[in-house]
Amino acid sequence: MVATDAAKKLGLPYASPFYSQNGSIQGFLGGVNFGAAEATIMSPGSPNHQSLNQQLRQAFDTLQLLQLQLGKENAYHFIQSSLFYLSFGKDDYIDLFLQNSSSINLKRNSSKFAHILVGQMMNAIRNLYNAGVKKIACVGVLPLGCTPRASLEMYNSSTGDDRRGCVDDINRHVLEFNTMLEQNIVQFNVELPDAHIVFCDVYRAIMEFIINPYVYGFEDVKSACCGLGRYGGMNGCVSVDMACPQPSGHVWWDLYNPTPAANSLLADSAWHGQPLPNICRPTTIQKLMSSLV
Numbered sequence: 001m002v003a004t005d006a007a008k009k010l011g012l013p014y015a016s017p018f019y020s021q022n023g024s025i026q027g028f029l030g031g032v033n034f035g036a037a038e039a040t041i042m043s044p045g046s047p048n049h050q051s052l053n054q055q056l057r058q059a060f061d062t063l064q065l066l067q068l069q070l071g072k073e074n075a076y077h078f079i080q081s082s083l084f085y086l087s088f089g090k091d092d093y094i095d096l097f098l099q100n101s102s103s104i105n106l107k108r109n110s111s112k113f114a115h116i117l118v119g120q121m122m123n124a125i126r127n128l129y130n131a132g133v134k135k136i137a138c139v140g141v142l143p144l145g146c147t148p149r150a151s152l153e154m155y156n157s158s159t160g161d162d163r164r165g166c167v168d169d170i171n172r173h174v175l176e177f178n179t180m181l182e183q184n185i186v187q188f189n190v191e192l193p194d195a196h197i198v199f200c201d202v203y204r205a206i207m208e209f210i211i212n213p214y215v216y217g218f219e220d221v222k223s224a225c226c227g228l229g230r231y232g233g234m235n236g237c238v239s240v241d242m243a244c245p246q247p248s249g250h251v252w253w254d255l256y257n258p259t260p261a262a263n264s265l266l267a268d269s270a271w272h273g274q275p276l277p278n279i280c281r282p283t284t285i286q287k288l289m290s291s292l293v
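Numbering (UniProt numbering), first residue to last: 1 to 293.
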């Protein structure tokens with residue numbers, strides 16, 4: 001599920017990137033995208049990555065601008081009714097396991113790595129809450145061990161796989177992060193009853209596509225629709241001219257990302273619980289947005 005799909009469900013226009021706003025309040029009122037193609041929770045190891053803290057600074061700058069332009073009371077009600085969408089962690093695990101990372105100690109101590117990531121995520125959620133944000137959709141990490149890149153790595157090495165052809169070791173680490181993050185979110189909601197934070201389990205949803213592909217209209221659950229090399233896992237989608245004839249039959253678009261067809265099913269399930277129930281917990285995005293805070 002991507003933020004643009006969630007915005008469509010809310011009847012909102014495409015959220016413009018933060019850097020294109022030029023300080024215009026009108027641009028922010030319809031939604032703003034602080035995201036980047038590659039974003040990490042930890043400080044980025046690549047200049048192409050943007051960190052969680054960098055995006056938070058942009059968000060807080062925007063909240064301050066809203067207060068200046070709308071007044072504190074109007075800004076407060078606007079922020080309370082807005083949905084904040086957080087999707088982090090994927091690129092941290094890609095960097096650790098699938099990009100020849102030299103962080104051997106973190107690979108050996110996955111629990112420590114997960115604790116660090118979840119701790120920073122919860123700090124971000126708490127800081128947003130303290131700034132007046134009450135509605136947050138927090139998305140877990142998808143099964144990276146089943147991606148085309150992981151399939152290629154497994155083919156080229158002795159890495160163990162599970163019966164579905166996924167790299168079990170990578171998925172185990174991702175699941176540890178997801179489980180820890182959801183547990184912390186549940187506790188946060190208990191401690192602060194006016195907080196409405198939902199955890200969206202894209203891992204479970206995509207595994208359902210992989211286990212029962214034909215139920216959801218998929219034919220290929222292993223190869224990228226747009227990529228080069230075995231499984232399309234060697235190089236990413238340089239041009240859409242490289243794309244397969246029927247993207248809707250694939251779960252994976254490129255090295256690590258789902259196709260629009262898969263994202264659409266994820267968005268529907270997150271929004272109203274169909275075709276996959278309980279993807280977002282404790283409630284759907286639709287019910288979250290209709291709740292009064």
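C-beta: ideal position from N, C-alpha, C; glycine also.
Quantities reported herein were computed from a predicted structural model and do not represent experimental measurements.
| request: Given a cut-off of 8 Å, decide if LEU276 and GLU208 are closer than it, judged by their beta-carbon atoms. | output: yes
| query | Got a sec, what are the start and stop residues for the beta strand (DSSP E) HIS115 sits in? | reply | Note, HIS115: premise wrong, no beta strand (DSSP E); alpha helix (DSSP H) at 110-130.
| Identify the residues that DSSP records as bridge partners of PRO260: which are they? | Looking at the DSSP assignment, PRO260 forms no beta bridge with any residue, so it has no partner.
| field | Cβ pair count under 8 Å reaching 3, the stretch 82-90 against the stretch 130-144 | value | yes
| query | What three-state label does DSSP hand VAL133 in the structure shown? | reply | Correct three-state label for VAL133: coil.
| task | Give the DSSP-derived three-state secondary structure of CYS200 in the structure shown. | result | strand
| task | Counting only the same chain and skipping the five closest in sequence on each side, list residues whose C-beta sits under 6 Å from that of HIS272. | result | THR284 and GLN286
| request: Determine the direct distance from the alpha carbon of ASN53 to that of LEU29, and round the result to whole angstroms. | output: 22 Å
| DSSP three-state call for HIS49: helix, strand or coil? | DSSP places HIS49 in the coil class of the three-state scheme, outside both helix and strand.
| query | Excluding sequence positions up to five away, which residues of its chain have a Cβ less than 6 Å from the Cβ of GLY35? | reply | none
| Which first and last residues belong to the beta strand (DSSP E) in which ASP220 is found? | 220-224
| request: Note down, in chain order, each residue of its chain lying with its Cβ closer than 8 Å to the Cβ of GLN58, except the 5 sequence neighbours on either side. | output: Sequence-distant Cβ neighbours of GLN58 in its own chain, meaning closer than 8 Å and more than five residues away, are PHE18 and PHE34.
| What is the residue span of the alpha helix (DSSP H) that LEU96 lies within? | 90-97
| message | Which of the three DSSP states is assigned to SER290 in this structure? | response | helix
| request: Label ARG149 either buried or exposed according to how many other C-beta atoms from any shown protein chain fall within 10 Å of its C-beta, with 16 as the threshold for buried. | output: Buried is the call here.
| Closest by C-alpha distance to ILE41, when choosing among TYR129, VAL139, VAL32 and ILE279 | Per the Cα distances, VAL139.
| DSSP bridge partner residues for residue 340 (one or two, in chain order) | The chain is shown from 1 up to 293; residue 340 falls before or after that span and cannot be answered.
| Residue range of the alpha helix (DSSP H) that VAL238 falls in? | Counting along the chain, VAL238 falls outside any alpha helix (DSSP H), and DSSP gives it neither H nor E.
| task | Check whether the stretch 243-260 touches the stretch 216-229, taking contact to mean three or more Cβ pairs, one atom from each stretch, closer than 8 Å. | result | yes
| Quick one: what does DSSP say TRP253 is sitting in, helix, strand or coil? | If DSSP states are grouped into helix, strand and coil, TRP253 belongs with coil.
| task | Give me whichever residues DSSP pairs with TYR85 in a beta bridge. | result | ALA137
| request: Please say whether LEU117 and ASP91 have beta carbons closer to each other than 8 Å? | output: no
| query | Exposed or buried, PHE60, counting other C-beta atoms within 10 Å across all chains shown (16 or more means buried)? | reply | exposed
| request: Express the C-alpha separation of ASP201 and ALA131 in angstroms, rounding to a whole number. | output: When rounded, the distance between both Cα atoms is 26 Å.
| query | According to the neighbour-count rule (16 or more other Cβ atoms, all chains shown, within 10 Å of its Cβ), is GLY71 buried or exposed? | reply | So GLY71 counts as exposed.
| request: Identify which residue in ASP95, GLY233, GLN55 and GLY249 has its Cα closest to the Cα of VAL215. | output: Nearest option by C-alpha distance: GLY249.
| What is the C-beta distance between ALA270 and CYS280, in whole angstroms, given that I count them as a contact (C-beta under 8 Å)? | 5 Å
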